[in-house]
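Student: Read left to right, the first sequence gives residues 2 to 570 (our numbering).
C-beta atoms are modelled at their ideal positions from N, C-alpha and C, and glycine is treated no differently.
Just so we're clear, the structure is a prediction, and the values are computed from it rather than from any experiment.
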Amino acid sequence: MQKLKEEIGVVLAPLVEMEEKLVLDLLEVPPEPDYGDIAFPCFTLAKKMKKSPAAIAEDLGNKLAGKQGLYWKNTEPRGPYLNFYIAPETYSTEVLKKVWEEQDKFGHTNLGEGANVTIDYSSPNIAKPFGVGHIRSTVIGHSLYLIFRALGYNSIGINHLGDWGTQFGKLIVAFKLWGEESKLKDDPVDYLYRLYVKFHQEADDKPELDDDARSWFKKLESGDKEAVSYWEHFKRLSLEAYAEIYDRLGIGFEHYHGESHYNQMLDQVVNLVQEKGIAKESEGALIIELEPYNLPPVMLRKKDGATLYITRDLAAAIYRKETFNFARSLYVVGAEQTLHFQQLFKLLELLGFTWAANCVHVPFGMIRFKEGRMSTRAGKIVLLEEVLDRAVEMARAIIEEKNPDLQDKDGAAEAVGLGAVRFGDLSNDRVKNIEFDWEKVLDFSGETAAYIQYAHARICSIIRKAGPDLLSWDDKVIALLEKEEEITLIKTLAMLPEKIIDSAESLKPSILARYLIDVAREFNRFYHNCPVLTSDPEIKKARLLLINATRQILTNGLSLLGIVAPEEM
RNA sequence: GCGCCCGUAGCUCAGCCCGGAUAGAGUAACUGACUACGAAUCAGGAGGCCGCAGGUUCAAAUCCUGCCGGGCGCACCA
């Protein structure tokens, strides 16, 4: 498509007396396939030439009448637009050959030239259960990780574990009051979670519990043996539980640098801020006024001397720059923390770090119940594990019904079930809140991962039946792909590279996800109108190449969303 | 009170960054297609003051301003 545009630029520039680049910027894709493949709008020219846009388009059409290029076969003025139609043969050959040759690398580029991109994602809070709320950061972050890697960046996944903070004071207090070691061993995350909830219930009536919790956290910060041993115990048990979920989702991190990792740097960071002269004491606490920037003040140290979340984030940002010298640093964290990151980045800027401009908060909306928001403290939460299990179970039931002879039912059910959960989080614009609805989670029809996986499985089935020998590259047969469904499918396939780039630039995997739905849809249209196996040998060969390219685009795309496409389901 | 985000078909959402041709999907309800390469599919009609009101423009779902509705946040949590 890019080559087509460039060619048009060269042809059009002299005719309209504009620079090629300007022409290229104006070119757009028409809303209807009937209107051609690339359109040149004549509105901007109308002023300059003092003629109606339609007359200009007409004029250009006359000048180009009967002419054609390598990638376009004719032009057609239509209202204020001059529309170009592609030459299917050269275009299709170009696209399909490229996919054939590059295989699982199709769509990948070296745009990033190996530059480091740190991606802070998932980052659960130790001792809290892994709820569906956390899946958004995990799944969106991991997809961005894969997308950046496909573009030649060196993605560095960082799991910034919430393994420090007042919640540990609360847990220690709760465990000392009500805890039993045996129950802790059975199901540590669940048990710690129940203690956490109980703590908040009790603290409503007994505010002194909160004071106890603060003082235990203070002890932890100053290295108190007992506090540290509780903390280590809780942390180890939680990490073991998270590891299972990450394994299941096929997710790994380069670094598990939790908040505690930055403890030894905090004094240094606080000193740095004080040297800059931007901090001041207020009611015993150390704060920084950000009023000139229209932001509320930031507190770096509480009056009891303990540090806060942002103190550790400040240290972490500096550490990441020093360690990884990132080109960009992404924080895939909920939208409710937008202010926090505005303050953090402003602080970095005030400290004179010009790279603060390369730090980006990638926010996303929250998952809510119909009745209101989820709350860990109140115990109103849906566990991720339960969601995954039920989705896989449902997929398994459907397979049992539709494909009872399938060999690897478990494998397929896992791929489809997990794919559904992932896709549900990836296919909509990040920033919107999602209403949690079991019916939607367990629905595998329409715009879902299963729709894409099903198209993939059908293709695999056809290729299996044709026999692998028939699938080989042949320049000569591509010209036989001339039906509307075939051409449209090829045009859609060709978009993968630009969609991957779009996703990276906008930090929205949803662009890629929705594109894959389009590909599957166009394939289905082809499938219902163009038989492969029963066609004449030459056409059969050409169509096999076409569906094989489609299969490749689907797996390449899905893999960047972290979704597996089984060959049968 | 102040700041940020969201508002498009009954429901869930694309499109908005970068303004252009009749505003698109899915889903629900209705109609049709398995003696067809897998019906988790496809085809069809139906369904819209693009929250409201101004403004900019030859042209606004898209840009600007105000308002309304919802969400989130705003010094000792993360």
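1. If I measure Cβ to Cβ from threonine 449 and keep anything under 7 Å in the same chain, skipping five residues before and after, which residues do I get?
2. Going by other Cβ atoms of all chains shown within 10 Å of its Cβ, with 16 needed for buried, is histidine 529 buried or exposed?
3. Short of 7 Å in beta carbon distance, which residues of its chain neighbour glycine 115, apart from the five on each side in sequence? Order them along the chain.
4. Tell me the DSSP secondary structure of phenylalanine 149 in three-state form.
5. What residue does the beta strand (DSSP E) around phenylalanine 41 start on, and which one ends it?
6. Short of 6 Å in beta carbon distance, which residues of its chain neighbour cysteine 360, apart from the five on each side in sequence? Order them along the chain.
7. Could you spell out where the alpha helix (DSSP H) holding valine 333 opens and where it closes?
8. In terms of DSSP beta bridges, what is leucine 287 paired with?
9. How far does the alpha helix (DSSP H) with arginine 526 in it reach, from first residue to last?
10. Expressed to the nearest angstrom, what Euclidean distance is found between the alpha-carbon atoms of glutamate 597 and glycine 253?
11. Suppose you measure from the CA of serine 261 to the CA of alanine 316; what does that come to, to the nearest Å?
12. How long is the line joining the alpha carbons of glutamate 350 and arginine 321, rounded to whole angstroms?
13. Which residues does DSSP list as the beta-bridge partners of glutamate 77?
14. Going by DSSP in three states, arginine 378 sits in which element: helix, strand or coil?
15. Might you give, ordered along the chain, the residues of its own chain that have their beta carbon closer than 6 Å to the beta carbon of valine 565, omitting 5 neighbours on each side?
16. Quick one: give me the first and last residue of the alpha helix (DSSP H) that histidine 341 is part of.
17. Is it true that the CB of serine 144 sits closer than 8 Å to the CB of serine 124?
18. Would you give the residue range spanned by the alpha helix (DSSP H) that valine 100 belongs to?
19. Going straight from the alpha carbon of isoleucine 319 to that of threonine 355, what length do you get?
20. Do the region 72-80 and the region 525-541 touch if we need at least three Cβ pairs shorter than 8 Å?
21. In whole angstroms, give me the CA-to-CA distance for methionine 367 and leucine 513.
22. Among Glu394, Tyr452, Asp191, whose alpha-carbon lies nearest the alpha-carbon of phenylalanine 131?
23. Below 8 Å on the Cβ atoms is my guess for proline 364 versus valine 334; work out the distance and round it to an integer in Å.
24. Taking 8 Å as the threshold, find out whether the region 163-177 comes into contact with the region 104-111 through three or more Cβ pairs.
25. Among Arg195, Glu21, Pro54, Gly558, whose alpha-carbon lies nearest the alpha-carbon of valine 520?
26. By DSSP's criteria, aspartate 121 is part of a beta bridge. Which residues make up the other side?
27. Which residue wins for smallest C-alpha separation from serine 504, given the options Asn434, Thr556, Asn429, Ala451?
28. Determine, using beta carbons only, whether leucine 385 and histidine 135 come nearer to each other than 8 Å.
29. Count the other CB atoms within 10 Å of the CB of serine 473; is the residue buried (16 or more) or exposed (fewer)?
Tutor: Working from what's here:
1. Ala421, Phe424
2. Note on histidine 529: under 16 other CB atoms within 10 angstroms of its CB, so exposed under the neighbour-count rule.
3. Excluding residues within five positions, the ones whose Cβ falls inside 7 Å are Gly153, Asn155.
4. helix
5. Counting along the chain, the unbroken beta strand (DSSP E) around phenylalanine 41 starts and ends at 39-42.
6. Within its own chain, the residues whose Cβ lies closer than 6 Å to the Cβ of cysteine 360, once the five positions on either side in sequence are excluded, are Ser330, Phe346, listed in chain order.
7. No alpha helix (DSSP H) contains valine 333, which is instead part of the beta strand (DSSP E) from 329-333.
8. Per DSSP, Glu282, Arg302.
9. 510-530
10. With the chain covering only 2 through 570, there is no way to say anything about residue 597.
11. 11 Å
12. Arginine 321 has its alpha-carbon roughly 15 Å from the corresponding atom of glutamate 350.
13. Asn84
14. It is coil, neither helix nor strand.
15. Ala416
16. 339-351
17. no
18. Where valine 100 is concerned, the enclosing alpha helix (DSSP H) stretches over 89-103.
19. 12 Å
20. no
21. 21 Å
22. Asp191
23. 7 Å
24. no
25. Gly558
26. Ile159, Tyr332
27. Asn429
28. yes
29. exposed
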